[in-house]
Amino acid sequence: MQLLHRVARSERVPNIYAAQVLTAQGWRHSVRLILESGRIAAVHAGVAPEPGDDRHEIIVPALGNLHSHAFQRGMAGLAEIAGDSADSFWSWRDVMYRFALRMNPDQFQAIAAQAYVEMLEAGFGRVGEFHYLHHDCDGQRYADIGELAGRVAAAADATGLGLCLLPVFYAHSSFGGAPPGHAQRRFINNLDSYHALLERCRQLTANLPAAVVGVAPHSLRATTKDELLAVAQMAGTRPVHIHIAEQTGEVDECLAWSGSRPVAWLLENAPVGENWCLVHATHVDSAEIAGIAAAGAVVGLCPVTEANLGDGVFPLSELLARRGRFGVGTDSNVHINLAAELSLLEYSQRLTHRARNVVKRASDSTGRAIMEFALAGGAQALGGSGHLREGAAADFVSLNGQHPALFSRNADALLDAWIFASAGNLVDCVWVAGRKLVTGGVHVAREQIRGKFQAALQELCS
Ligand SMILES: [Zn+2]
């Protein structure tokens with residue numbers, strides 16, 4: 000189990016043949032994909048299959064899931080009850096803190112592995128793990144500062160999901176360097192301990208294929224300006240992810256503290272560029288949208304979680320009008336479903352604008368346009384490959400052409416059917432780094448991982 004990747008490298012991987020393949024140049028027919036060392040060595044279109052080819056009907060690239068807190072998969076569905084006060088993000092956060100504060104490393108790893116199995120079965124090939132649970136339940140550091148980061152890496156190793164590990168820097172409870180609260184004790188580092196954690200994360204992921212380690216200053220609430228800049232500098236050109244402007248309360252507090260809105264403050268005070276991912280960025284004005292687009296940063300949208308938390312709707316059509324970039328993430332992992340993320344993203348725009356087909360790109364269908372934008376944004380934010388082309392990582396998905404949702408559908412209509420007209424359960428097989436991890440919609444290690452997940456939840460929820 001722990002050796003999935005290492006075993007994978009020594010296996011001979013068959014080449015792939017499919018009737019329809021969505022490549023970087025568009026849909027191609029009768030395609031052979033030649034795989035070598037986890038990458039696509041060649042794409043031959045308009046050819047016949049050869050003996051030994053692994054044959055499929057429809058292949059599309061695997062999407063990057065640019066924002067996840069894997070451990071929150073364990074509390075999915077436990078915060079769907081109104082509290083005494085007006086229910087909001089903050090009462091959800093209280094439930095999350097109570098859950099997070101009880102979890103031991105084995106439970107954490109079991110839950111992360113289950114989340115990663117579900118991501119792969121949904122059609123994601125890579126995850127940006129925004130990892131902020133670092134210390135023991137009492138807030139004491141583990142002997143290995145990367146104990147829990149190592150559990151993220153182990154879950155990625157056991158499942159084969161591509162990993163962009165984003166260790167979180169978290170030092171304060173609110174704007175202006177307010178001391179952290181007791182409930183945040185498992186998250187807290189200073190710059191020295193964070194630097195050590197980052198180095199450890201690089202060691203822990205060294206043997207994972209195509210793993211990337213970025214940085215994640217948690218939010219403007221959790222860092223001072225000096226800390227934010229120091230953490231961003233530690234990334235070099237690697238990914239920098241930050242939660243920003245998710246809640247109107249956060250915007251109000253930022254205005255009271257600095258006189259600026261969060262995204263405006265960030266653009267003015269930090270070197271935001273193409274390696275930055277602004278997660279949520281829900282509450283932005285036109286000038287902030289223009290600034291994000293001009294910087295070339297990716298907006299990380301998490302439609303299912305943002306709907307679950309009642310965050311609000313990001314003004315996506317304004318971003319696209321300025322040629323801005325976005326990708327999608329499963330964030331709280333309350334419901335891991337790639338098609339649901341993409342359909343809700345479009346539907347929230349339709350409801351806001353009272354219009355249809357809001358996400359547009361040239362003559363593409365809406366499903367194709369959303370998929371293309373999310374592929375490019377996910378790859379940029381996670382240091383992955385994105386589109387299916389020669390030289391790219393062999394990360395792709397086959398769809399089940401025998402599913403009724405796909406009958407008499409071709410090319411872009413296949414994506415539209417998957418995203419808008421199915422339960423999202425059209426994934427047949429999934430390959431990451433050339434390794435076939437999902438067959439017939441089922442991950443190769445689903446049963447073992449499910450058993451450990453069940454045991455962990457029995458302990459945590461008893
Ligand atoms: Zn988040």
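Sequential numbering of the sequence shown, starting at 0, is according to numbering that gives the first Met the number 0.
All C-beta atoms, glycine included, are put in the ideal place defined by N, C-alpha and C.
Task: Nearest to residue 401 (by Cα), restricted to the options 391, 382, 424 - done: When only C-alpha atoms are compared, the closest one is 424.
Task: The beta strand (DSSP E) enclosing residue 435, as first and last residue numbers - done: Looking at the DSSP string, the run of the beta strand (DSSP E) that includes residue 435 is 434 to 438.
Task: Enclosing beta strand (DSSP E) for residue 104 [first to last residue] - done: Unbroken run through residue 104 is the alpha helix (DSSP H), 104 to 121; no beta strand (DSSP E).
Task: Sequence-distant residues of its chain with Cβ nearer than 7 Å to residue 104 (five each side left out) - done: Cβ neighbours of residue 104 beyond the five flanking positions: 146, 147, 150.
Open item on the list: Quick check: what's the CA-CA separation for residue 349 versus residue 135?
Closed with: Those two C-alpha atoms are separated by around 45 Å.
Task: Every unbroken alpha helix (DSSP H) inside the region 175 to 255 [4 residues or more] - done: Correct list: 190 to 203, 224 to 234.
TODO: Entirely within the region 269 to 350 and at least 4 residues each: give me those alpha helix (DSSP H) ranges in chain order.
DONE: Within the region 269 to 350, the complete alpha helix (DSSP H) runs of at least 4 residues are 285 to 294, 302 to 307, 315 to 320.
- [ ] Compute the distance between the beta-carbons of residue 37 and residue 392, then report whether it is under 8 Å.
- [x] It is a contact, given that the beta carbons lie within the stated cut-off.
TODO: Indicate the three-state DSSP secondary structure (helix, strand or coil) for residue 397 in the structure shown.
DONE: Note: residue 397 maps to strand in three-state DSSP.
TODO: Can you tell me which of the three DSSP states residue 129 falls into?
DONE: Look at residue 129 here: in three-state DSSP terms it is strand.
Open item on the list: In this structure, how does DSSP classify residue 461 when only helix, strand and coil are distinguished?
Closed with: Under the three-state reduction of DSSP, residue 461 is assigned to coil, being neither helix nor strand.
TODO: Could you say which of 339, 185, 155 lies nearest to residue 167 if we only look at CA atoms?
DONE: When each option's Cα is compared against that of residue 167, the closest is 185.
Open item on the list: Taking the straight line between their C-alpha atoms, what separation do you get for residue 461 and residue 46?
Closed with: So the two alpha carbons sit approximately 58 Å from each other.
Task: For residue 365, the residue or residues it bridges with in DSSP - done: Paired residue(s): none; residue 365 is not in a bridge.
Task: the region 440 to 449 contacting the region 357 to 365, beta-carbon criterion three pairs below 8 Å - done: No, the region 440 to 449 is not in contact with the region 357 to 365.
Open item on the list: Just verifying my parser: in three-state terms, what is the DSSP assignment at residue 144?
Closed with: If DSSP states are grouped into helix, strand and coil, residue 144 belongs with coil.
Task: Beta-carbon proximity list for residue 172, same chain, < 8 Å, skipping 5 on both sides - done: Cβ neighbours of residue 172 beyond the five flanking positions: 178, 179, 180, 183, 220, 221.
TODO: Report the three-state DSSP secondary structure of residue 82 (helix, strand or coil).
DONE: Here residue 82 sits in coil by DSSP.
TODO: Just the C-alpha distance for residue 288 and residue 267, rounded to the nearest angstrom, thanks.
DONE: Rounded to whole angstroms, residue 288 to residue 267 spans 13 Å at the Cα level.
TODO: Inspect the CB distances between the region 55 to 75 and the region 11 to 24 and report whether three or more fall short of 8 Å.
DONE: Yes: at least three Cβ pairs fall under 8 Å.
TODO: Would you list the residues sitting across from residue 163 in a DSSP beta bridge?
DONE: In the DSSP secondary-structure assignment, residue 163 is bridged to 127, 211.
- [ ] From the DSSP output, read off the bridge partner residues of residue 442.
- [x] Here residue 442 is bridged, per DSSP, to 437.
- [ ] To the nearest angstrom, report how far apart residue 375 and residue 256 are at their CA atoms.
- [x] The straight-line gap from Cα to Cα measures roughly 35 Å.
Open item on the list: Give me, in chain order, the residues of the same chain whose beta-carbon lies closer than 7 Å to that of residue 308; leave out the 5 immediate sequence neighbours on both sides.
Closed with: So the qualifying residues of the chain are 88, 91.
- [ ] Kindly indicate which residue of 13, 22, 397 has the alpha-carbon position closest to the one of residue 33.
- [x] The shortest C-alpha separation from residue 33 is found at 13.
- [ ] Could you check what DSSP says for residue 406 in three-state terms: helix, strand or coil?
- [x] Coil.
Task: Proximity of residue 344 and residue 302 at Cβ, strictly below 8 Å - done: The answer is yes: Cβ separation under 8 Å.
Task: Element boundaries [alpha helix (DSSP H), containing residue 94] - done: 88 to 99 is the span of the alpha helix (DSSP H), which, as asked, contains residue 94.
Open item on the list: For residue 31, count the other beta carbons within 10 Å of its own beta carbon; 16 or more makes it buried, fewer makes it exposed. Which is it?
Closed with: By the Cβ-count criterion, residue 31 is buried, with 16 or more other Cβ atoms from all chains shown falling within 10 Å of its own Cβ.
Task: DSSP beta-bridge partners of residue 53 - done: 15.
Open item on the list: Based on DSSP bridge pairs, tell me the residues matched to residue 168.
Closed with: Answer is 216, bridged to residue 168.
- [ ] Taking only the alpha-carbon atoms, compute the straight-line gap between residue 291 and residue 175 and give it to the nearest angstrom.
- [x] Answer to the nearest angstrom: the Cα atoms are 24 Å apart.
Open item on the list: Any heavy atom of ligand 1 closer than 7 Å to the beta-carbon of residue 278?
Closed with: Result yes, Cβ under 7 Å from ligand 1.
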